[in-house]
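Written below as structure tokens is the structure these notes are about.
Residue numbers (our numbering): 149 to 520.
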């Protein structure tokens with residue numbers, strides 16, 4: 149997501165989280181034992197290794213002595229968890245909802261993994277290793293094919309120099325796919341229901357509507373014409389519209405990030421000028437087709453390609469006739485909590501950052517099921 153400085157998770161890629169459990173466990177050990185690091189006194193001087201740190205009568209490792217009272221590492225961790233939760237709950241409501249949903253899915257995923265591991269008489273970590281080891285090993289031919297397809301991005305590197313790294317990357321991708329294929333059906337077979345409702349933002353649609361104007365589901369997108377993630381999102385929106393030609397409409401809102409995309413605002417204003425000639429969406433698509441490579445003369449070129457009235461277009465742009473319209477969109481986005489692009493709102497439900505068609509479609513399906 150582009151910013152001046154996301155979300156429902158249910159694709160199979162989301163089933164890869166257990167791969168990091170071992171790392172999390174290792175980090176937990178580090179937090180508890182200090183990983184052998186030096187302790188520090190109140191002045192920041194090294195005093196002892198973790199093996200020299202005192203413990204309480206109950207065996208808890210002492211982290212702090214406060215007025216003669218021993219505060220254990222476990223107590224410190226509980227305080228850290230409380231601080232972290234407080235910080236999380238201070239985030240925007242939509243982000244808190246996303247984190248809660250993600251935590252719920254993680255719990256479901258953990259249950260699925262532990263159940264599968266128990267069935268096979270293995271630990272979750274051993275199960276992960278077993279499934280990963282069953283993934284096919286990358287062949288020399290596959291390495292060469294990947295190198296050939298991506299050679300232009302490798303800045304003159306020779307195959308023999310990068311082959312080991314390519315093979316490792318492709319091997320890891322194969323293991324990730326194997327794990328997703330193994331866990332995916334088990335996740336889908338579980339009966340579970342996340343019952344919290346997502347927060348909604350009330351946003352008024354503008355006249356820039358693509359699709360059925362009376363559709364029950366509105367996808368409002370705040371976008372920037374030079375944002376690479378917005379450019380990639382356009383085919384995604386087109387695919388969603390193709391899936392739901394009567395049920396979904398897309399409303400475009402302008403959110404130019406001036407500090408990093410100097411032509412985004414002029415492009416938005418030019419597109420609005422094209423709207424005077426009934427060609428907003430054609431102009432919109434033509435701008436995005438340029439892949440963010442825009443300059444002052446681009447809009448006249450696009451107008452000529454679309455056979456617009458160039459004099460009228462130029463006069464409109466020169467007067468900055470739609471400066472206020474674009475700014476109103478930007479301010480509406482800010483009021484809704486938008487900080488970067490693209491940002492989507494499906495019937496007011498925020499989806500921040502780039503999404504694929506399946507992710508957006510799942511929210512659309514939920515909305516269609518909710519609406520009488």
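Ideal Cβ placement from N, Cα and C applies to all residues, glycine included.
Taking a C-beta distance under 7 Å as the contact criterion, residue 307 and residue 286 do not qualify as a contact pair. Counting along the chain, the unbroken beta strand (DSSP E) around residue 212 starts and ends at 210-214. Following the DSSP letters along the chain, one finds residue 217 inside the beta strand (DSSP E) bounded by residues 217-220.
Between residue 411 and residue 471, the gap from beta carbon to beta carbon reaches 7 Å or more. The straight-line gap separating the alpha-carbon atoms of residue 486 and residue 299 is approximately 38 Å.
CA-to-CA, the gap between residue 322 and residue 271 works out to about 22 Å. Residue 247 counts as exposed, since fewer than 16 other beta carbons sit within 10 angstroms of its beta carbon.
Out of 481, 420, 491, 454, the CA that lies nearest to the CA of residue 466 is found in 420. Your pair residue 358 and residue 417 does not check out as a contact, with CB atoms roughly 19 Å apart and the cut at 8 Å. Per the coordinates, the alpha-carbon of residue 510 lies some 11 Å from the alpha-carbon of residue 517.
The three-state reading of DSSP puts residue 385 in helix, counting H, G and I together. The way I'd put it, the region 479-493 doesn't touch the region 452-463; fewer than three beta-carbon pairs between them come closer than 8 Å. Going by DSSP, residue 481 is part of no beta strand (DSSP E) but of the alpha helix (DSSP H) stretching over 471-483. Scanning its chain for C-beta atoms nearer than 7 Å, with the 5 sequence neighbours on each side dropped, one finds around residue 379 the residues 436, 439, 440, in chain order. In terms of Cα proximity to residue 351, the closest of 495, 503, 242, 365 is 495. Per the DSSP secondary-structure output, residue 402 pairs in a beta bridge with 371. Looking at the DSSP output, residue 497 sits in a beta bridge with 494.
Considering only 347, 278, 214, the residue with the shortest C-alpha distance to residue 245 is 347. Straight-line measurement puts the Cα of residue 405 at about 20 Å from the Cα of residue 431. Residue 289 and residue 277 have their C-alpha atoms spaced approximately 25 Å apart. Between residue 519 and the set 393, 305, 365, 268, the nearest pair of CA atoms involves 365.
Residue 492 and residue 369 do touch by the CB rule: their CB atoms are close to 5 Å apart, below 8 Å. Contact between residue 335 and residue 279 is absent: CB atoms are separated by about 14 Å, not below the 8 Å threshold. Unbroken beta strand (DSSP E) stretches of 3 residues or longer found wholly inside the region 302-375: 357-359, 365-371, given in chain order.
Around the beta carbon of residue 227, a 10 Å sphere encloses fewer than 16 other beta carbons of the protein chains shown; the residue is thus reported as exposed.
Listed in chain order, the non-local C-beta contacts of residue 361 below 7 Å within the same chain comprise 397, local neighbours out to five positions each way being set aside. Distance from residue 402 to residue 478 at the Cβ level is roughly 6 Å; contact confirmed, criterion being Cβ atoms closer than 8 Å.
Residue 381 and residue 502 do touch by the CB rule: their CB atoms are close to 5 Å apart, below 8 Å. When the beta-carbon positions are compared, residue 388 and residue 505 come within less than 7 Å of each other. In this structure, DSSP gives residue 397 an extended state, which the three-state scheme calls strand. In its chain, beyond the 5 residues on either side, 244, 247 have a beta carbon closer than 7 Å to the beta carbon of residue 236. Looking only at 464, 384, 331, the smallest Cα-Cα distance to residue 414 is reached by 464.
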